[in-house]
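Visitor: Please find one structure pasted underneath; my questions will follow.
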Amino acid sequence: MSTDSSSSFSPSSLKQAAAEKSLEFIQDGTTVGLGTGSTVRYLLEALAQRVQEGLRIQGVPTSQETAALAAKLNIPLVDDEAAWEIDVAIDGADEIDPQWNLIKGGGGALLREKIIAANAKKFVVIVDAAKQVSALGLSFPLPVEVIPFGWPSTARKIEQLGYQVTLREKNNQTFLTDNHNYIFDLKGEEFNIPSEVAQQILALPGVVEVGLFVGMTSALVVGSPQGAIVYHHPPVT
Ligand code: 5RP
401 MSTDSSSSFS PSSLKQAAAE KSLEFIQDGT TVGLGTGSTV RYLLEALAQR
451 VQEGLRIQGV PTSQETAALA AKLNIPLVDD EAAWEIDVAI DGADEIDPQW
501 NLIKGGGGAL LREKIIAANA KKFVVIVDAA KQVSALGLSF PLPVEVIPFG
551 WPSTARKIEQ LGYQVTLREK NNQTFLTDNH NYIFDLKGEE FNIPSEVAQQ
601 ILALPGVVEV GLFVGMTSAL VVGSPQGAIV YHHPPVT
C-alpha cells in the first residue's frame, strides 16, 4: 500500500488497506463477486496485480462500472447470465452496525450487489473504520431501488411509513441504475430493527430492492489507523 505522510490515515488510505487485506480471501481457481465503489476500486487494482502474477480467478461484477474497470485491468469476468458458483464476494458498505448489518447503495448498485452477495458462499465486507456506526441510518440515507413507473405514488407510500424520500439525481438528471431503475434516498429515524424496515419497504409495489443487507456479512475487514483488521466470524447476537 502506498502512503505519504500527509494522507497516511486518510479515508482513502484506510479503504486501500482494507481492500488489499481482503485479497487473503481469494483462492486460486475460484469465482469472485466484485463489489462496487471506491474501496472496491483498490481491490480491483490489487487483484489485477495478482492475476498478472498468475492467480487464476473469474470475477462476477456487481455493476457496469466495476465490469468496465475489471476489463480494463484484464481481470477475467463471467457472463452476466451464467449460472454462477461464487466462492466469495467482496464489497464495500456505506454503514455497518455492531451486528454487521449494512446500508449499501451509495453507488446505486445495491440490487446487483445483493444478488451477488446472496449467491456467494462467503460475503466479505471491506470498510474504513468511519463506516462503523452504533445504528444504521443515523448519518447515511437508505437507498431504495424503485421502478420508474408511477414513482411519485411509490414515494408517497414510503412517506406514509414515516420516511422522507429524495429522488436521487446525478449531473442534474434523475440517476438511473444499471437496471434502468430509480433510486430513492430515505431519511427517517435510525433503523434499529433493519430486517423489519427492509420487509416493510420491500412489500410496497414498485420497490425493487432495499439497501439494507441484514445477516449477510460473513467476514469483515476494517481499515483503521492501526492497520487492516480481519474479523472472520460474525458477532454472536
Ligand atoms: C455501491 C455501494 C458501495 O459499496 C458503498 O457505497 C461504499 O462505497 P465506497 O467504497 O466508495 O465508500 O454500496 O452501491
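Going by our numbering, the sequence shown opens with residue 401, and the numbers climb by one from there.
Think of the CB as a built atom: it goes at the ideal place given N, C-alpha and C, for glycine as much as any other residue.
Computed from a prediction, not measured in an experiment: that's the story for all the values here.
1. When you compare only the Cα positions, how much space is there between D428 and I516?
2. Taking the alpha-carbon of K570 as reference, which of G435, K557, F584, E609 has the nearest alpha-carbon?
3. Decide if I593 is buried, meaning its Cβ has at least 16 other Cβ atoms within 10 Å, or exposed.
4. Would you identify the three-state DSSP class for Q452, choosing helix, strand or coil?
5. Check whether the Cβ of K504 sits closer than 6 Å to any heavy atom of the ligand 5RP, and report yes or no.
6. For E420, count neighbouring Cβ atoms within 10 angstroms of its own Cβ and tell me buried if that reaches 16, exposed if not.
7. The alpha helix (DSSP H) spanning V597 covers which residue range?
8. Pull up the distance between the alpha-carbon of L604 and that of L612, whole angstroms please.
9. What is the rounded straight-line gap between the Cα of T566 and the Cα of Q458?
10. Look at the alpha carbon of P635 and the alpha carbon of A482, and state the distance between them as a whole number of angstroms.
11. Between I526 and S422, which are expected to be in contact by the criterion C-beta below 8 Å, what is the C-beta distance as a whole number of angstroms?
12. Could you tell me if the beta carbon of S618 falls within a distance shorter than 6 Å of some heavy atom in the ligand 5RP?
13. Could you work out which residue in W484, L542, G507 is closest to A518 when comparing CA atoms only?
14. So the beta strand (DSSP E) Q458 belongs to, where does it begin and stop?
Guide: This is what the structure holds:
1. Stepping through the sequence shown from its first residue, residue 428 is reached at position 28. Stepping through the sequence shown from its first residue, residue 516 is reached at position 116. Using only the alpha carbons, I get a separation of about 19 Å.
2. Taking the first residue of the sequence shown as position 1, residue 570 is located at position 170. Nearest option by C-alpha distance: F584.
3. Numbered from 1 along the sequence shown, position 193 holds the residue referred to as residue 593. The residue is exposed, with fewer than 16 neighbouring Cβ atoms inside 10 Å.
4. Taking the sequence shown and counting its residues from 1, one reaches residue 452 at position 52. Helix.
5. Position 104 of the sequence shown, counted from the first residue, corresponds to residue 504. True, at least one ligand heavy atom lies under 6 Å from that Cβ.
6. As a working mapping, residue 420 is identified with position 20 in the sequence shown. So E420 counts as buried.
7. Position 197 of the sequence shown holds residue 597. Its alpha helix (DSSP H) spans residues 594-602.
8. Numbered from its first residue, the sequence shown carries residue 604 at position 204. Numbered from its first residue, the sequence shown carries residue 612 at position 212. So the alpha carbons of these two residues sit roughly 15 Å apart.
9. For the purposes of this step, residue 566 is taken as the residue at position 166 of the sequence shown. For the purposes of this step, residue 458 is taken as the residue at position 58 of the sequence shown. Those two C-alpha atoms are separated by around 37 Å.
10. Numbered from its first residue, the sequence shown carries residue 635 at position 235. Numbered from its first residue, the sequence shown carries residue 482 at position 82. Those two C-alpha atoms are separated by around 33 Å.
11. One-based indexing of the sequence shown puts residue 526 at position 126. One-based indexing of the sequence shown puts residue 422 at position 22. The beta-carbon distance between I526 and S422, rounded to whole angstroms, is 5 Å. This is short enough to meet the 8 Å contact definition.
12. As a working note, residue 618 is residue 218 in the sequence shown. No, the ligand 5RP has no heavy atom inside 6 Å of this Cβ.
13. Mapped onto the sequence shown, residue 518 falls at position 118. Cα-wise, what sits closest to A518 is W484.
14. Counting from 1 along the sequence shown, the entry for residue 458 is found at position 58. 457-461 is the span of the beta strand (DSSP E), which, as asked, contains Q458.
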